[in-house]
Ligand code: NAD
Ligand code: TYD
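See below:
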């Protein structure tokens, strides 16, 4: 038996692949295009591990996906591959349309062609698990109840609209062609190997190099934060026990405003790696122009996955964020490598 993961060189995918191989013997085929966000250095600990098979490829390349499926015959395909950064989707939506919509469509077509040729027992065991986001549900007011799986899709950014489109395609491939699919919609992740364009790693990185900590708008936008290892464990549970054609919300029951997250990071850094001048990292906080169309609040109601599949997050924000800061402090060479070159051009364009 084997599974195929797309996007396994990115933040969540790499954590998933490492956790998967640490937990059992089943091999994993890791199919990744290696965009700016995909980094084989994330998988350096797997060097020489013959249960990790890396294939460089685009999910939009029907022939290569089909050939990879035919060669490795996975019992499941887990689709992590996506363009994932909202700010980039505002600057240049094209890549998001190509990968998240067209790419998912071509992946579905290849998986469908492969599935059609399977034996009856292999068909009944086969699953396609599509990894998606809570951002497809749109923005909540401060008093609104959290998103359940029944919440209307109201995506507001090119990123969330493209993920919503991919979710709809996945659903349609079950209803139209009988593909055994499941979808997960998760809240904001944080943890090791997250590219420092996203809030938490960007703030840790900027703090340590003495740069401003740019907070969009008033800093009161709320996100629900989940430690990446908990997202990965939830995906494993859905893969093994989830029902075909169901969607599962995954969240940390941990809503926080952006300013509260950044204050927490500054306080941990003040204790773990005090500034040479003795001042708090909080003095580096700077309020900058808001993100266009900035969603005010996301909150996940993760009751269903708890009730039906018995999954709960293992980390609290307090434990998860400490681990995360420690990881970034201990892995500065990784940060240095990913923040060179194209990353600098992005930061210059985004934050002027
Ligand atoms: P990431 O940007 O860190 O990694 C994406 C990976 O996909 C990279 O390795 C990249 O090389 C690969 N990729 C991109 N385009 C590809 C293509 N056309 N073909 C093959 N590979 C391609 O993203 P992430 O944060 O790890 O997110 C993974 C998935 O989880 C995404 O689908 C995202 O929408 C979803 N998600 C992310 C979060 C979060 O907070 N980061 C929360 C919920 C859901
Ligand atoms: P981000 O990590 O980009 O995730 P998402 O937009 O998918 O939720 O951003 C998290 C929150 O932090 C979001 O409300 C935007 C805000 N933010 C800042 O205030 N400053 C920044 O430099 C970044 C990258 C994000």
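Numbering (the numbering used here), first residue to last: 910 to 1261.
Every residue, glycine too, gets a C-beta built ideally from N, C-alpha and C.
Given the structure is predicted, the values throughout are model-derived calculations rather than measurements.
Residue 1157 places its beta carbon 7 Å or farther from that of residue 1209.
Shown here, residue 1056 sits in a strand according to DSSP, grouped into three states. The beta carbon of residue 1105 sits no closer than 6 Å to any heavy atom of ligand 2. Checking the 6 Å criterion, the Cβ of residue 1097 is within range of a heavy atom belonging to ligand 2. Taking a 10 Å sphere around the C-beta of residue 1044, we find 16 or more other C-beta atoms and assign the residue as buried. Straight-line spacing of the CA atoms in residue 1139 and residue 1221 works out to 8 Å. Per the Cβ contact rule, the segment 931 to 940 is in contact with the segment 958 to 970 (3 or more Cβ pairs under 8 Å). Under the three-state reduction of DSSP output, residue 1034 falls in the helix class.
Residue 1186 and residue 1009 have their alpha carbons spaced roughly 46 Å apart. If one requires a minimum length of 3 residues, the beta strand (DSSP E) runs lying completely within the segment 1062 to 1118 are 1090 to 1095, 1097 to 1099, in chain order. Residue 924 sits in a helix when the DSSP states are folded into three classes. Rounded to whole angstroms, residue 1147 and residue 1091 show a C-alpha spacing of 8 Å. Going by beta carbons, residue 1086 and residue 923 fall outside the 7 Å limit. Secondary structure in the segment 1169 to 1222: the alpha helix (DSSP H) runs of 4 residues or longer, each lying completely within the stretch, are 1212 to 1218 in chain order. Excluding sequence positions up to five before and after residue 1179, its CB lies within less than 7 Å of the CB of 1189, 1190, all in the same chain and listed in chain order. One alpha carbon belongs to residue 996, the other to residue 1108, and they sit about 11 Å apart. Under a 10 Å Cβ-count criterion, residue 1023 is classified as buried, with 16 or more other Cβ atoms of the shown protein chains found around its own Cβ.
Here residue 948 has 918, 1247 as same chain residues with Cβ atoms under 7 Å from its own Cβ, once five neighbours each way along the sequence are excluded. A straight-line Cα-Cα distance of about 42 Å links residue 1245 and residue 1152. With 16 or more other Cβ atoms inside 10 Å of its own Cβ, residue 1229 counts as buried. Distance from the CA of residue 1076 to the CA of residue 946, rounded to the nearest whole angstrom, comes to 21 Å. Beyond the five residues adjoining it in sequence on each side, residue 921 comes within less than 8 Å, by CB distance, of 989, 1040, 1098, 1137, 1140, 1141 in the same chain, given in chain order. Excluding five sequence positions before and after residue 1259, the CB atoms of its chain that fall closer than 7 Å to its own CB belong to 996, given in chain order. Using a Cβ distance threshold of 7 Å, residue 1133 and residue 1046 do not count as a contacting pair.
The beta carbon of residue 928 lies closer than 6 Å to those of 1141 in the same chain, with the five residues before and after it left out. Selection 925, 1050, 910, 1031 evaluated against residue 1203 yields 1050 as nearest (Cα-Cα).
Collapsing the DSSP output to three states places residue 912 in a strand.
Between residue 1237 and residue 1113, the beta carbon gap of about 5 Å places them in contact (Cβ cut-off 8 Å). In its chain, beyond the 5 residues on either side, 1103 have a beta carbon closer than 6 Å to the beta carbon of residue 1110. When Cβ pairs closer than 8 Å are counted between the two stretches, the segment 1060 to 1072 is seen not to touch the segment 1121 to 1133, the count staying below three.
Contact between residue 976 and residue 943 does not hold, since their C-beta atoms are separated by about 18 Å, which reaches or exceeds 8 Å. For residue 939, the enclosing beta strand (DSSP E) begins and ends at 937 to 941. By the CB criterion at 7 Å, residue 1005 and residue 1069 fall outside the cutoff. DSSP links residue 985 through a beta bridge to 912, 1036.
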